[in-house]
Ligand SMILES: [Zn+2]
């Protein structure tokens, strides 16, 4: 899919190596018999192996590290890295065998035991053995309650199983350990998990519980956009239209850049309750506050087009096109409007002028973490499973079409 996968694998392996290096430091601090284990680390094979690892030549790294390991059967960290490399190569069975045999050693310290179990947990996770992975990570936490890596993997496993309450509790534990500067994103993740718990309640039609959860998510993170959308849906289901309108308008106020996600809901409710001006006013205010807001113009134009005010709709669409010539949805709306007006030549010419340098693409949202692309805004990346990592890619009106890059 992209050129980042091998690089990423190398980094993961490297990070696993660093984590083990850290374990090694702790081992030394704990007064372990480090002189006994120096042989493997001092052999040229160990250094060569690490160099191949950094250069992402996994097979050669395995070869050299295997030699280093054979010099010293006791060298725990070398065997741990080897096991991790087998896992990265997809040889999960081999990785499990290596790590399990390390667990059989009688003289492991508590922290060594925890790190080998962590590696084993990652093997199980990679191999899809969910229950065993859960057991392994929980056991790591029993031995080393502040192990952030185990907590994070546990959170991800629970998310994959849609065990949102468990994922929430694990994340809360992790947040208490995490550095202050990572707090905003940590709070945002907690809010997303709370929102998922609310959605489950909503599917059971337990509206009271659902509303409590969505409110709690907003409380945790005022920018928890999906919680506003869902809370409004609950209010509509409860027959509380006014409250729904209020919460969606609050969303537009707090996150104007995401306001478009509420457009369909706000418009449907405004039309249904006989107050369409509530929707048009909202769009106009968004455009006024941010002249680059093309989505506000597109939504307002749709509303006008549906009401037969095609010329007004088209004016808005041309203005939207000047802000974002790459949005396919604007072009489609323009052609619909031009069709309704029976293609007057001066309007078609105006459109041709505006689109001369436009570049089209269908998947403008991109995950900052793994570069996964999506047509729609996603709150959790289906590829790297991280939360809230999508941004909308925008390219400037191109002078030179070779410069289409972010
Ligand atoms: Zn991603």
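Numbering (this note's numbering), first residue to last: -10 to 395.
Backbone N, C-alpha and C define an ideal beta-carbon position, used for all residues, glycine too.
Classification of residue i by the beta-carbon crowding that lies within 10 angstroms, buried from 16 upward
i	result
residue 142	buried
residue 335	exposed
residue 166	exposed
residue 380	exposed
residue 160	buried
residue 290	buried
residue 19	Low per-residue confidence applies at residue 19: pLDDT is 49, beneath 50, and the placement is therefore not dependable enough to give any value.
residue 406	Absent from the model: residue 406. The displayed extent of the chain is -10 to 395, so no value can be given.
residue 67	buried
residue 154	exposed
residue 114	buried
residue 213	buried
residue 314	buried
Enclosing alpha helix (DSSP H) for residue i [first to last residue]
i	result
residue 379	From DSSP, residue 379 is part of no alpha helix (DSSP H) but of the beta strand (DSSP E) over 379 to 381.
residue 373	Run containing residue 373: none; DSSP gives neither H nor E here.
residue 400	Nothing about residue 400 can be reported from this structure: the residues present for the chain run from -10 to 395 only.
residue 222	214 to 226
residue 283	283 to 295
residue 398	This structure cannot settle anything about residue 398, because the visible part of the chain is limited to -10 through 395.
residue 72	65 to 77
residue 124	119 to 132
residue 165	153 to 166
Nearest neighbour of residue i, chosen from the options [CA to CA]
i	options	result
residue 299	327, 123 and 52	327
residue 269	296, 247, 244 and 315	296
residue 256	278, 287, 277 and 82	287
residue 246	366, 51 and 107	366
residue 292	273, 210 and 279	273
residue 382	374, 376, 357 and 375	357
residue 93	313, 345 and 63	63
residue 222	36, 173, 284 and 236	236
residue 280	260, 157 and 312	312
residue 429	108, 75 and 194	Here the chain has residues from -10 to 395 only, and residue 429 is not among them.
residue 215	229, 33, 319 and 200	200
Straight-line Cα distance separating residue j from residue i
i	j	result
residue 369	residue 117	20 angstroms
residue 361	residue 372	7 angstroms
residue 186	residue 110	26 angstroms
residue 128	residue 84	19 angstroms
residue 87	residue 60	16 angstroms
residue 135	residue 105	16 angstroms
residue 164	residue 178	10 angstroms
residue 355	residue 364	9 angstroms
residue 54	residue 112	19 angstroms
residue 378	residue 145	15 angstroms
residue 396	residue 234	Because the chain here runs from -10 to 395, residue 396 falls outside it and cannot be looked at.
residue 294	residue 190	38 angstroms
residue 102	residue 184	36 angstroms
residue 70	residue 209	39 angstroms
residue 188	residue 244	21 angstroms
residue 151	residue 196	20 angstroms
residue 375	residue 52	34 angstroms
residue 308	residue 283	8 angstroms
residue 249	residue 123	39 angstroms
residue 182	residue 56	46 angstroms
residue -3	residue 73	At residue -3, the pLDDT of 47 sits below 50, so the modelled position is not reliable and the matter cannot be decided from this model.
Beta strand (DSSP E) segment containing residue i, residue limits
i	result
residue 147	Careful: residue 147 lies outside any beta strand (DSSP E), inside the alpha helix (DSSP H) at 137 to 149.
residue 356	354 to 356
Beta carbon proximity, residue i to chain C, threshold 7 angstroms
i	result
residue 149	Of the protein chains in this structure there is only one, and it is not chain C.
Taking 7 angstroms as the limit, name every residue whose beta carbon sits nearer than that to some heavy atom of ligand 2, in sequence order. With respect to small molecules bound, the structure shown includes ligand 1 and not ligand 2.
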